[in-house]
Each structure stands twice: as structure tokens, then as C-alpha cells.
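To keep things clear, I will list the structure first and then write my remarks on it.
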Amino acid sequence: FQRVRRRPLTSALRREARFDSISYFFLLFGSPHAGRSILLGRGHLGPVETSLRAQGTAITLRFGPAEAIERDLDERGGRVLLAVRYGGPSSGLRASDYPFVEVPTPILDDTPWLEIWGSSERTECFRLGDVAWAEDGHALFGCCSRRLGGDVEQDANATFRDLLALLDERGYPGLQRVWNHVPRINEERDRVERYRRFNIGRARAFEERFGAGAEQHFPASSAVGTVGDTFIVCFAAARTHGTHLENPRQV
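For the sequence shown, this note's numbering gives the first residue as 3, with consecutive numbering after it.
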């Protein structure tokens, strides 16, 4: 693996959450006993920060307009787990001292937004081909960016097969949360939606790895459409597997 060099940590930010962003629900992943959801009220487009404890480490999340909080990345230095920028002009992994990915999602106000996942512990950052990740000894966050070919099902299968193998090798087999960004997600081929083909390939990767009990290893996940042809996956994993909590309102 290629270990990413980083600049020294200059300061550690400890700020209270500011509930002055656009209306948005954000559900943080974590153990059943740690984590909370936040409703952000309408108002100024200012950054929001929150934190939770999950499996032995304190995870922080800062979310807001990119131009307002991107400088925080340098200040957080060796404690960044993952940075995701939405609505920028490019897509895919960005050359950086930590995992940083550009997601080309359409935005409403022409202002790119950035989320920064951080840790209370020092992190180690790595890059292997089209995957970048950071570890703090308790949690592993990362992102993968791949150009889709003509077979979405096969591309999804290969992506998750490689991801599961990487997590096993690094000692973080408990995949907790996945954010999928699928180009042209609702487009159909032979009357089958790309999202359905993506799901088939993803499920097959878990079945190949875990066999009949694959469903017990499915993480909480989401999939949204993007423009272009780059398939982007962001993920969070831990040393142990999570606990499934059913949502009775989900159809």
C-alpha cells in the first residue's frame, strides 16, 4: 500500500454545532447506543458540526459550504477520516493527504458543499489504485471511484468484492455504512433499471463472500443518482459487525 504523506497537525477544532444551515436530516452511523439525527433549520448557509462515540473512538462530522470549511482540512491534519465534496466541477478521487472524493451531484444554489469526517485519534491514510481510506485503530473510512463500463451489474459486483476483501485484509470487516453514487441511476437497458442491475451485482458480491448468511452482513446504505459515468462509493467500517435495526416505515 502507498501511505499518504501529510502535513503536521496545527490545531484541533472543537466547535459546538450550529443549527443555521438549510433544512436537512442527517443520520450518523454508529453503535445502537451512540448516534443522533439532526434537523437543521433554515437560515444562513453556515457550517454544522456534530460528534458521536462509536466503538471506542469519537467520530466528528462537519458539513457546510465548501468555501467556508475547506480550510479546516489543513487544521485537522492527521485526524481526517474522509472528505466528500458535492456539486463541484469534477468527479472522482482527488490528490490529497487524506481520502478526498468529488461527487458530481446537481446542487440547488450553485454552492458546492463539503463534509469532513474526523476522528479524536491520529489517522493513517492509504491509497491503492482507485480506493483511498483512513484508519484510526477503531474505524476505517474511505472512498472508491471507478469509471463504469457497459455492465453496471458486473461493475458493482467487482467494486464490492474488492471492498470486502480490502476490509478483511485491513482488520475492519464490519462494514457499517455505504453511500453509493450511481451515474444515470434510473436509466433502463432492456427494460431493466440500472439501479436494479446495480443491486443484483452488489448482492452477489456479499453472497460470494458470506454465502447463505450474506444478508446478516449487509450494511446500512443508500444510492443516489449522479451525472457523468463515474461510480463513487463512500464507506465506513469498524473492527466488529454492527447490529441491524429495521425501519418499519420503509416500504
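Heads up, the beta-carbon is just placed ideally off N, CA and C, and yes, glycines get one too.
For G203, there is no enclosing beta strand (DSSP E); the residue is part of the alpha helix (DSSP H) that begins and ends at 196-212.
Contact check for C145 against A160 fails: the beta carbons are separated by 8 Å or more. Residue ranges of uninterrupted alpha helix (DSSP H) with 4 or more members, entirely inside the region 137-177 and ordered along the chain, are 154-172.
In the same chain as A207, and ignoring 5 residues on each side of it, the C-beta atoms closer than 7 Å to its own belong to N159, F162, R163, L166, in chain order.
When C-alpha distances from L95 are compared across V235, R251, L247, the shortest belongs to V235. In the structure shown, the three-state DSSP call for L75 is helix. Residue environment analysis places N249 among the exposed positions, since fewer than 16 neighbouring C-beta atoms fall within 10 angstroms of its C-beta. Around the beta carbon of Q252, fewer than 16 other beta carbons sit within 10 angstroms, so the residue counts as exposed. In this model, V82 and W119 are separated by some 6 Å (Cα to Cα). DSSP links G227 through a beta bridge to V184. Shown here for S223: same chain residues with a beta carbon closer than 8 Å to its own, the five before and five after excluded, namely R179, V180, W181, N182 in chain order.
Distance between I202 and I187, taken at the CA atoms: about 14 Å.
Membership of T62 in the beta strand (DSSP E) is indicated by the continuous run 59-67.
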